[in-house]
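Here's the structure, in structure tokens; my notes come after.
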Amino acid sequence: EVMPTLDMALFDWTDYEDLKPEV
Amino acid sequence: TDPCHDEGGAPRGCVPGLVNAALGREVLASSICGQPPKQACDSSDARRAHSAALLTFTGGTTSPVCWRSDWLMQAPLNVTLTVSLGKTFELVFVSLRFCSTPPTSVALLKSQDHGRSWVPLGFFSSCCDLDYGRLPAPANGPAGPGPEALCFPEPQTQPDGGGLLAFSVQDSSPPGLDLDSSPVLQDWVTATDIQVVLTRPAMLGDTRDSEAMVPYSYSATELQVGGRCKCNGHASRCLLDTQGHLICDCQHGTEGPDCGRCKPFYCDRPWQRATAREAHACLACSCNGHARRCRFNMELYRLSGRRSGGVCLNCRHNTAGRHCHYCREGFYRDPGRAPSDRHACRACDCHPVGAAGKTCNQTTGQCPCKDGVTGLTCNRCAPGFQQSRSPVAPCVKTP
């Protein structure tokens, strides 16, 4: 089973703003 | 036909040919007749000039043919002839032909530092003890373990009235001493300048030149310095550089006027003089084509059994290590490419959320994945997991 790649748009960065990667 | 390499291209020891290193070189004479002009000698008149250039004249016929010192009326009677060879040579012989009855006392010296300091090579005298405080040279060379400046008989007058001073380095070396294996002999034959000091003239006049019979005057021609351009076994010829200096045409990864050091990238082992049996070529560092500079490390050289001591510097193309043979942190080896390929190291490209770090396995490229994450770059949830909204735990078990 091939899983879909992680969708960055689904992540909630509210509590993890400092971890958010630069795009 | 390459003297420095065999038919298979492997390096082998090579030396330049034997030449007269003094030929065409300027000779400085401490005394030249005709300065100021005298009856038979006028330095401003070519027909009566006896310049020191006649000692190393390159060819053709001249008249006069001999250098002549000024009239020496009283002590000191020393006259010095100095010739700079322009570069280090390995001496084989020195000779000087006298145009009149030869002097009865001569000292021969050499310099290894372009005339700053001098050491004697040999003496020639009828009174070795009195003139130089030495015993006459033993018939079979020096008794000691190394070469030394011996006192030989003075040049003999020949039937034409002149004489020949002849010095051979072989005569001042113990028999059996080999240039390849004796650093002492290598040092002994090395010279940049030669000096002949004529210290006592024969009390006789010239019988070869057309000049008047004059006591206390030296006259000579054909100063020859037989030797090989010193290249330490790493060149078969010497050339003039752009500034007109004589330099070795260095091979075997060496450089310098005498091939006395390894070229910058050729430092995988220490420099050594070549011998007839072993070329001792400088070896290029092994950097897989990813570095232009390296340095020698003696400790590593010893640990390798004296095989390799080069350490590559500034590995490029994301490589690292002593030989630029592995990938730097954050990169992994592409198994489909050769180690020397510019693109042999690929970026790990670990997923910014799915991976627990940025450094992947250097062989497989596998990034460290967070729980429930899979894939080479940790960019997918593993079977049985699904994406969450939390970037800290991006994959959670499927309910």
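Protein chains in written order, with this note's numbering: chain A, 1 to 23; chain B, 24 to 422.
Every residue, glycine too, gets a C-beta built ideally from N, C-alpha and C.
As the structure is a computational prediction, the values presented were derived from the model and not from experiment.
Mind pulling the chain B residues with CB within less than 8 Å of D7(A)? Those within 8 Å of D7(A) in chain B are Q410.
Unbroken alpha helix (DSSP H) run spanning Y355(B), endpoints: Secondary structure note for Y355(B): it is in no alpha helix (DSSP H), and the uninterrupted beta strand (DSSP E) holding it is F354 to R356.
Do Q244(B) and L51(B) have their C-beta atoms closer together than 7 Å? According to the sequence as given, residue 244(B) is Thr; it is not Gln. No, the pair does not count as a contact, with Cβ atoms beyond the cut-off.
Which partner residues of T277(B) appear in the DSSP bridge assignment? T277(B) is bridged by DSSP to C285(B).
Taking CB distances under 7 Å as the criterion, tell me whether E1(A) reaches chain B. Yes, its Cβ sits closer than 7 Å to a Cβ of chain B.
Can you tell me where the alpha helix (DSSP H) holding Q209(B) begins and where it ends? Here the alpha helix (DSSP H) through Q209(B) covers P206 to V212.
Beta-carbon of D12(A) versus every beta-carbon of chain B: anything under 7 Å? With 7 Å as the cut-off, D12(A) counts as an interface residue toward chain B.
Taking N255(B) as the query, report the chain A residues whose CB atoms sit under 7 Å from its CB, ordered along the chain. Chain-order list of chain A residues neighbouring N255(B): empty, with the shortest C-beta distance near 58 Å, by a criterion of under 7 Å.
Identified DSSP bridge partners for W90(B): Bridge partners of W90(B): A243(B).
Find out if the Cβ-Cβ distance for the pair A258(B), C285(B) is shorter than 7 Å. Not closer than 7 Å, so no.
Under 7 Å, do L221(B) and Y239(B) count as touching if we go by C-beta distance? If you check the CB distance, L221(B) and Y239(B) do not come in under 7 Å.
Within 8 Å, do at least three Cβ pairs link the stretch 357 to 374 of chain B to the stretch 315 to 334 of chain B? Output reads no: the stretch 357 to 374 of chain B does not touch the stretch 315 to 334 of chain B.
What residue ranges within the stretch 315 to 396 of chain B form continuous beta strand (DSSP E) runs of no fewer than 3 residues, ordered along the chain? Those beta strand (DSSP E) runs which fall completely within the stretch 315 to 396 of chain B and span 3+ residues are 316 to 319, 333 to 336, 354 to 356 and 368 to 370.
Give me the residue from C317(B), M321(B) and V248(B) with the minimum Cα distance to R425(B). Not covered by the structure: residue 425(B). The range shown for chain B is 24 to 422.
Taking C-beta to C-beta, are V192(B) and V212(B) nearer than 7 Å? Result yes, Cβ atoms of V192(B) and V212(B) sit closer than 7 Å.
Span of the alpha helix (DSSP H), counted from its first residue to its last, around C151(B): Residue range C151 to Y155 is occupied by the alpha helix (DSSP H) that includes C151(B).
Where S195(B) sits in the DSSP three-state scheme: Looking at S195(B) - three-state DSSP - the assignment turns out to be helix.
How many angstroms separate the CA atom of M236(B) from the CA atom of S74(B)? Because M236(B) sits at a pLDDT of 45, beneath the cut-off of 50, its placement in the model cannot be relied upon, and the point is left open.
Length of the line joining the Cα atoms of D232(B) and A214(B): The pLDDT assigned to D232(B) is 49, lower than 50, so where the model puts this residue is not dependable, and the model offers no usable value.
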